[in-house]
Amino acid sequence: LPQKLALSLNKAAILELDRDARDVVIANPEIADAVVRTPRRIFILSLSVGQTNAIFLDEDGRHIATIEIAVSADVDDLNAYLRREMPNSNMAADGVGSSVVLSGEVASLNEASIAQSVAAQTVAEPEQVVNNVAIQESQQVLIKVRVSEMSRTIAKQFGVNPSAIANVNGVPVIASAGNQFSLLGRALSDISGAQFGQVCQVTSPALLPDPIPPGLNFPGTGFGFSPTNLCNARPNNVQGIIQALERVGLVRTLAEPNLTAVSGESARFLAGGEFPVPVGRDRNGNITVEFKPFGVGLSFTPVVLARGRISLQLSTEVSELSNTGALTLGGGTTTDELGNTINVSGLTLPALQVRRTETTVELPSGGSLAIGGLIQQQTKQNIDAFPGVKDLPVLGALFRSRDFQNDETELVVTVTAYLVDPVAETQLVTPDQGYSTPTDLETILLGRLNAVYGEDSQSEAASASVPSGTVGYIVQ
Numbered sequence: 281l282p283q284k285l286a287l288s289l290n291k292a293a294i295l296e297l298d299r300d301a302r303d304v305v306i307a308n309p310e311i312a313d314a315v316v317r318t319p320r321r322i323f324i325l326s327l328s329v330g331q332t333n334a335i336f337l338d339e340d341g342r343h344i345a346t347i348e349i350a351v352s353a354d355v356d357d358l359n360a361y362l363r364r365e366m367p368n369s370n371m372a373a374d375g376v377g378s379s380v381v382l383s384g385e386v387a388s389l390n391e392a393s394i395a396q397s398v399a400a401q402t403v404a405e406p407e408q409v410v411n412n413v414a415i416q417e418s419q420q421v422l423i424k425v426r427v428s429e430m431s432r433t434i435a436k437q438f439g440v441n442p443s444a445i446a447n448v449n450g451v452p453v454i455a456s457a458g459n460q461f462s463l464l465g466r467a468l469s470d471i472s473g474a475q476f477g478q479v480c481q482v483t484s485p486a487l488l489p490d491p492i493p494p495g496l497n498f499p500g501t502g503f504g505f506s507p508t509n510l511c512n513a514r515p516n517n518v519q520g521i522i523q524a525l526e527r528v529g530l531v532r533t534l535a536e537p538n539l540t541a542v543s544g545e546s547a548r549f550l551a552g553g554e555f556p557v558p559v560g561r562d563r564n565g566n567i568t569v570e571f572k573p574f575g576v577g578l579s580f581t582p583v584v585l586a587r588g589r590i591s592l593q594l595s596t597e598v599s600e601l602s603n604t605g606a607l608t609l610g611g612g613t614t615t616d617e618l619g620n621t622i623n624v625s626g627l628t629l630p631a632l633q634v635r636r637t638e639t640t641v642e643l644p645s646g647g648s649l650a651i652g653g654l655i656q657q658q659t660k661q662n663i664d665a666f667p668g669v670k671d672l673p674v675l676g677a678l679f680r681s682r683d684f685q686n687d688e689t690e691l692v693v694t695v696t697a698y699l700v701d702p703v704a705e706t707q708l709v710t711p712d713q714g715y716s717t718p719t720d721l722e723t724i725l726l727g728r729l730n731a732v733y734g735e736d737s738q739s740e741a742a743s744a745s746v747p748s749g750t751v752g753y754i755v756q
């Protein structure tokens, strides 16, 4: 007879005795039970998870045998599933009390995760699954993210600033219209395209009335009366200045963060900085701040699946400080003890221009995928004109100003993932490889900020892979 009997839950075993037994004693009948079919054939039934023992006695009360009985969770179906679905893995499940222990080696972390999920269905609580599985090979993932943005801006302005001078009953009057360019808020430049007419100045104060009347302005029309800017040589005169300008701008943004992590583990990368943001006050009334990050950031969690496929849960961001949308707090004016007005500068909180992508994708090793993109076009056009006069043929153009702006943006975010292995240090290239500080003569006479690049003499392997000549990360 075996001295130990291991049974799965709700299973039975047959024991054959060498002599007749009359009594069978079970220490804990809630765990196992015994059914005597014949004096020498005993059936042991498992009732619940646990351990107990059974003692067999003959008709004279003499001891025949003692058997230790251990009842554990049933893992036969689980082992059959593991062998069928994961043939490349050497993994087994064992029942220990009410728990299931997974042991052995698997080909990938994804297979280990699947095995644990299936094993959790065979026990009462998921915490009863003990995962003691090892990965056959430590799999590391290198991710390369490329954020490319092209932004083009075109702005055009065209307007005429006319002014007229007239002598009305001996009183000189001047009327002028100025271009406000309300779309952009100002002229692109102070440079005027052309000027026509005659610039007049007052040379004889006798033409001015006495006393000189105050100036008159008509808000919203751009016209006004000014008795101090007149022309006495020609009392009736019209002049104007043409403002015609065009501006074209192009902005390119490129960020390529790279990061490596073990399968199943998270990694984060940030190249930039942090700026303070007021969030409140302490008990003493002092302003408390919280630092917000900006720059090029990347965080991801890779999981290596079967057949070399990689599942990526990633978040990438490219941000920069901007005055557009900035907030100024606490500005204003105050008066000192002498009654002088003092302008107090406020606290300016910069805004952020952000390109952010968060997603989960799956791709093979070496494969690339466009995970985000944007094409945006915004056109603005505004015409300021004097009512009524603007509709006159030909002359109406002198009383109109046009403001035009066109913004075009195209953004693409791509990701590439690789399964990588460590290499020798000599096979790695860094930006400062081969760099050396130039001598004073090289700096003064040749204007060099770095010495000429040459072959790396640290090892033969490195020197064979690095081309000769003035090449490298810095080329003058």
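Heads up: take any position in the sequence shown, counting from 1, add 280, and you land on this note's numbering.
For every residue, glycine included, the Cβ atom is placed at its ideal position computed from N, Cα and C.
Proline 573 - partner residues in DSSP beta bridges: Glu554
Any contact between the region 679 to 690 and the region 421 to 436? By contact I mean 3 or more CB pairs, one from each, below 8 angstroms.
yes
I'd like the span of the beta strand (DSSP E) that includes alanine 697, first residue to last.
680 to 700
Practice prompt. Report the residue from Asp303, Gln416, Leu289 whose alpha carbon sits nearest the alpha carbon of aspartate 357.
Written response: Leu289
Glycine 560 by DSSP, collapsed to three states: which one? strand
- Query: When the Cα atoms are used, what is the spatial distance from glutamine 416 to valine 557?
  - Reply: 48 angstroms
| query | Among Leu534, Gly544, Glu296, which residue has its Cα nearest to the Cα of isoleucine 347? | reply | Glu296
Taking 8 angstroms as the threshold (C-beta atoms), are valine 584 and glutamine 408 in contact? no
Query raised in the report: Between phenylalanine 666 and glutamate 526, what straight-line distance do the alpha-carbon atoms span, to the nearest angstrom?
Result: 23 angstroms
Roughly how many angstroms lie between the CA atoms of phenylalanine 555 and asparagine 370, to the nearest whole one?
52 angstroms
Let me make sure I understand the geometry here. Which of Asn359, Thr694, Asp664, Leu729 has the alpha-carbon closest to that of phenylalanine 438?
Asp664
Inter-residue spacing [alpha-carbon to alpha-carbon] between isoleucine 294 and arginine 320: 10 angstroms
For my contact list, threonine 540 and valine 421 are in at a C-beta cut-off of 8 angstroms; report their separation, rounded to the angstrom.
7 angstroms
With a cut-off of 8 angstroms on the beta carbons, I'd call isoleucine 344 and leucine 285 a contact; round off their distance for me.
-> The Cβ separation is near 15 angstroms, so there is no contact.
- Task: In the DSSP assignment, find the unbroken alpha helix (DSSP H) run with leucine 675 in it and report its ends.
- Result: Neither: leucine 675 is in no alpha helix (DSSP H) and is coded neither H nor E.
For the region 716 to 731 and the region 695 to 703, state whether three or more C-beta atom pairs, one from each stretch, are separated by less than 8 angstroms. no
What whole-angstrom Cβ distance do valine 598 and valine 427 have, given they're in contact under 8 angstroms? 5 angstroms
Out of curiosity, what's the CA-to-CA distance linking glutamate 429 and glutamate 690? 6 angstroms
Query raised in the report: Can you give the beta carbon distance from arginine 351 to serine 379, rounded, assuming they're within the 8 angstroms contact cut?
Result: Strictly speaking, residue 351 in this sequence is valine, with arginine absent from that position. Rounded, the Cβ-Cβ distance is 13 angstroms, inconsistent with contact.
Reduced DSSP category for lysine 252 - H, G, I as helix; E, B as strand; rest coil:
Only positions 281 to 756 of the chain appear in this structure, which leaves residue 252 out of reach.
Checklist entry - Under 8 angstroms between the Cβ atoms of isoleucine 306 and alanine 334? => result yes
Take alanine 535 and list the residues in its own chain whose beta-carbon comes closer than 7 angstroms to its own, dropping the five residues that flank it on each side. Val427, Val576, Val598
Does the Cβ of phenylalanine 571 have 16 or more other Cβ atoms within 10 Å, making it buried, or fewer, making it exposed? exposed
Worksheet entry | alpha helix (DSSP H) segments (min. 4 residues) lying fully within the region 382 to 436 | 389 to 400
Requested in this report: Can you tell me which of the three DSSP states arginine 728 falls into?
Outcome: coil
Residue of Pro711, Leu362, Val542 minimising C-alpha distance to isoleucine 590: Val542
Sequence-distant residues of the same chain with beta carbon closer than 8 angstroms to alanine 372, five excluded per side: Asn359, Leu362, Leu382, Ser383, Gly384
Cβ-based burial, glutamate 545 [other Cβ within 10 Å; buried from 16]
exposed
>> Suppose the cutoff is 6 angstroms on Cβ atoms and the five residues either side in sequence are ignored; what does the same chain contact list for alanine 513 look like?
In response: The pLDDT assigned to alanine 513 is 37, lower than 50, so where the model puts this residue is not dependable; a value taken from the coordinates is nonetheless given after this. Closer than 6 angstroms at the Cβ level, and outside the excluded window around alanine 513, lies no residue.
field: Three-state secondary structure assigned by DSSP to asparagine 333
entry: strand
Assuming contact is defined by CB atoms lying nearer than 8 angstroms, are glutamine 396 and asparagine 411 in contact in what I supplied? yes
Glutamine 331 versus Lys670, Leu287, Glu339, residue with shortest Cα-Cα distance = Leu287
Sub-8 angstroms separation of asparagine 603 and proline 630 beta-carbons = yes
Spatial neighbours of alanine 292 in its chain, beta-carbon cut-off 8 angstroms, leaving aside the 5 residues before and after
Phe323, Ile324, Leu325, Ser326
- Query: Any chance the CB of alanine 400 is under 7 angstroms from a heavy atom of the ligand HEM?
  - Reply: Questions concerning the ligand HEM fall outside what the structure shown contains, since it holds no ligand whatsoever.
- Query: CA-CA distance, valine 425 and threonine 596?
  - Reply: 8 angstroms
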